[in-house]
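One structure below.
There are 2 protein chains.
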Amino acid sequence: MSGRAWRLSARSLLKITDVDGSQSGDLFAVAADDLTDGQSNGRTFDYGGTVGLTTGSILYSRRSRPLMKIIEDEVGRHDFLYAPCSQEMYEIQYGAATPQPNCYDNLTGALAAFAVSAATVTIAFNFFMNTEVGPDGKLRIHPPVSHAGQSMTLRAERDLVVAVTACPAGTCNGDGGGARPLDVEVIHTE
Amino acid sequence: MSGRAWRLSARSLLKITDVDGSQSGDLFAVAADDLTDGQSNGRTFDYGGTVGLTTGSILYSRRSRPLMKIIEDEVGRHDFLYAPCSQEMYEIQYGAATPQPNCYDNLTGALAAFAVSAATVTIAFNFFMNTEVGPDGKLRIHPPVSHAGQSMTLRAERDLVVAVTACPAGTCNGDGGGARPLDVEVIHTE
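Following this line, the structure appears as structure tokens:
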């Protein structure tokens, strides 16, 4: 349930596998040559023309630079609308009175070792998170459709720092959500 | 077509009027006590449960703090999915080879006078911009539904710096879009 971060060279691959199924996670990528140039849902929607990302979709940065491309996707349902769950989110949405494990702390904690400021993490790519936008704009979160062993692979489009965490939020996962592992394989090409 | 920014005390009002109709614009708000704590579409979707903002909706910050509340809305169609149009956007989407007036430069230019870093402007609230999310997730941009004289009013929920610009992008506006004025009235309460 903790976050990990890596330095990826351009063309390296990141393969994420849902080991037991129905477990979502959060990813944050930022350009290595400008650690304030993080991924942007708004820019990604601009150039992709859709809120639904899958094979072929590119995650763009705030400065409109390609960061990662989805080159394989066995799941097909992901979210790029929601911010990473955070302590404040658990307090506001669920009345939490004690510290909760959360994606924001996991991502920013892992990224800090690479000198990425927490202020840069304004949004996450919530892979395997299954969000529906109703015709009235209302948002509904359904359990992930990912089955045990299904994966997605993203390719670094430039030198990056990337962080990944499994999501502990019950609402974003199937029964027992947050307690399941994700397998993350980094395939360096240099 | 240029941007303006203001320091707003909590409870001050910002009233935006579409003078001639069918003209959208961009707004960016940031907390005065933390100039890295800018508005966040992800947090706003978290707590509002919808991508459709209107009267009663609160714009939340990256740190989950309320920044502005829409207290009056005669238009009812706005966008919080797209990043502000930028020079890079005109180059990538439309093949622009020369400098284009754009919301990002207008917002960041106006905010610079208040020491707000351009890196904080990761997303804009695109008021009067009429975006449709299809059942397949695909995005379509329609002309604004705002008529001449229609307005929306936002209240500062804390001390803020706020910038506003009219949007020059033809696709986001009706015929002649980008050439029309917006009237912005700041009603200070102290």
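Those protein sequence lines, which keep their order, are chains L and W.
Position one of the first sequence corresponds to residue 1 (the UniProt record's numbering), numbered consecutively onward.
Position one of the second sequence corresponds to residue 1 (the UniProt record's numbering), numbered consecutively onward.
C-beta: ideal position from N, C-alpha, C; glycine also.
This one's a predicted model, so the numbers in the text were calculated from it and none came from an experiment.
Go ahead and label Ile187/W buried or exposed: buried means 16 or more other beta carbons lie within 10 angstroms of its beta carbon, across all protein chains shown. As a working note, residue 187/W is residue 187 in the second sequence. Ile187/W comes out exposed.
Beta strand (DSSP E) segment containing Asp18/L, residue limits: For the purposes of this step, residue 18/L is taken as residue 18 along the first sequence, with counting starting at 1. From DSSP, the beta strand (DSSP E) with Asp18/L extends over Leu13 to Asp18.
Buried versus exposed, by CB contacts within 10 Å (16 or more), Glu140/W: For this step, residue 140/W is matched to residue 140 along the second sequence. The sequence shown places Arg at residue 140/W, not Glu. It counts as exposed.
Quick one: which chain L residues come within Cβ less than 7 Å of Arg43/W? The count along the second sequence starts at 1 and reaches residue 43/W at position 43. Ala83, listed in chain order.
Leaving aside the five residues before and after His78/L along the sequence, list all residues of the same chain whose C-beta is less than 6 Å from its C-beta, in chain order. Your numbering for residue 78/L matches position 78 in the first sequence. Within the same chain, His78/L has close Cβ partners Leu53 and Phe127.
Measuring alpha carbon to alpha carbon, tell me which residue in Asp73/W, Leu13/W and Val30/W is nearest Ser117/W. Working through the second sequence from its first residue, we reach residue 117/W at position 117. Of the listed residues, the one whose Cα sits closest to Ser117/W is Val30/W.
Please list the partners that Gly49/L has in chain W, where partner means a Cβ-to-Cβ separation under 7 Å. By 1-based counting over the first sequence, the position of residue 49/L is 49. The answer, in chain order, is Lys138 and Leu139.
Check each candidate in Ser22/L, Ala10/L and Glu88/L and name the one with the smallest Cα separation from Leu182/L. The residue you call residue 182/L lines up with position 182 of the first sequence. Of the candidates Ser22/L, Ala10/L and Glu88/L, Ser22/L places its Cα closest to the Cα of Leu182/L.
Does the stretch 59-79 of chain L touch the stretch 140-160 of chain W, meaning 3 or more C-beta pairs lie closer than 8 Å? no
Using a Cβ-Cβ distance cut-off of 8 Å, determine whether Ser86/W contacts chain L. Here residue 86/W corresponds to residue number 86 of the second sequence, with the count starting at 1. Yes - at least one Cβ of chain L is within 8 Å of the one on Ser86/W.
Take Thr36/W and list the residues in its own chain whose beta-carbon comes closer than 6 Å to its own, dropping the five residues that flank it on each side. To locate residue 36/W, count along the second sequence from 1; it is residue 36. Taken in chain order, the residues that qualify are Thr120.
State the CB to CB distance for the pair Thr153/W and Glu72/W, rounded to an integer number of angstroms; the pair is presumed to be in contact (CB under 8 Å). The residue labelled residue 153/W in the question sits at position 153 within the second sequence. The residue labelled residue 72/W in the question sits at position 72 within the second sequence. Rounded, the Cβ-Cβ distance is 4 Å, consistent with contact.
Consider the Cβ of residue 249/W: report whether some Cβ of chain L lies at a distance smaller than 8 Å. Past the edges of chain W, shown from 1 to 190, lies residue 249/W, and the structure says nothing about it.
Proximal chain L residues relative to Val133/W, where beta-carbon distance stays under 8 Å: Start at 1 with the first residue of the second sequence, and residue 133/W comes out as number 133. Chain L residues near Val133/W: Val51, Val133 and Gly137.
From Glu157/L to Glu74/W, what does the alpha carbon distance come to, in whole angstroms? Taking the first residue of the first sequence as 1, we reach residue 157/L at position 157. Taking the first residue of the second sequence as 1, we reach residue 74/W at position 74. It is roughly 43 Å from the alpha-carbon of Glu157/L to the alpha-carbon of Glu74/W.
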